[in-house]
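With this note's numbering applied, the sequence shown corresponds to residues 1257 to 1420, in that order.
In this text, a Cβ means the ideal position worked out from N, Cα and C, and glycines have one as well.
The structure appears right after this line, and notes come after that.
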Amino acid sequence: MTVNATAMPKAQRCDMTRTIFVLNGPNLNLLGEREPAIYGSTTLADIRDRCVAKAGSLGFAVDFRQTNFEGELVESVHQARKQACGIIINPAGYTFTSIALLDALKMFDPPKIELHISNVHARESIYHNSLISRVATAIMIGFGARGYELAIEAMADMAGAAKA
């Protein structure tokens, strides 16, 4: 019997998949060396390890991805439709430019958290108008690398299965 996860209620899908997709856009592979005054010295590998540990402690798995290519990020969102009970996405530069990513996220019904390491609203005006915020369930900005762990906790709570 084949089960179509996208046709299930959100809560039932989360019971089945228990996987949170954490998606990272362009240039985030350079965390730890790119503009440390803004983004800190934590690497993306460090963030991945922290996300996996935090999610595991809450009974979830993490599918952690980074790409510098818009189409690959869109494909990851499409895959999440069948495999994830939530998406945490740091779209980086695509936050402000990608209609394709916006449209893909519109088709993902479970919770979506938009995440930014820096407080984008305290930066240059070019960073103030997120397309992704239009479809995000919640937004996590300005907490540095720790924001990823906070987003995992929030996602687990939104999925209705956070452990005390």
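Here R1390 is not near L1357, since their CB atoms are 8 Å or more apart. At a Cβ-Cβ threshold of 8 Å, L1287 and L1300 count as neighbours. Shown here for Q1322: same chain residues with a beta carbon closer than 7 Å to its own, the five before and five after excluded, namely N1280, L1284, N1285 and L1300 in chain order. Around the beta carbon of S1297, fewer than 16 other beta carbons lie within 10 angstroms, which makes this residue exposed. With contacts defined by Cβ atoms closer than 8 Å, I1343 and F1364 form a contacting pair.
Residue state for H1372 is assigned as strand, using DSSP reduced to three classes. In the three-state reduction of the DSSP assignment, L1300 falls in the helix class.
Around the CB of A1378, fewer than 16 other CB atoms lie within 10 Å, so the residue is classed as exposed. For I1395, the closest alpha carbon among the candidates I1382, L1329, N1375 and S1381 is that of N1375. Ranked by Cα distance from R1402, the first of T1275, A1293 and K1310 is K1310. Shown here, V1278 sits in a strand according to DSSP, grouped into three states. The closest CA to that of L1329, considering only L1387, P1292 and S1354, is found on S1354.
Under the three-state reduction of DSSP, G1327 is assigned to helix.
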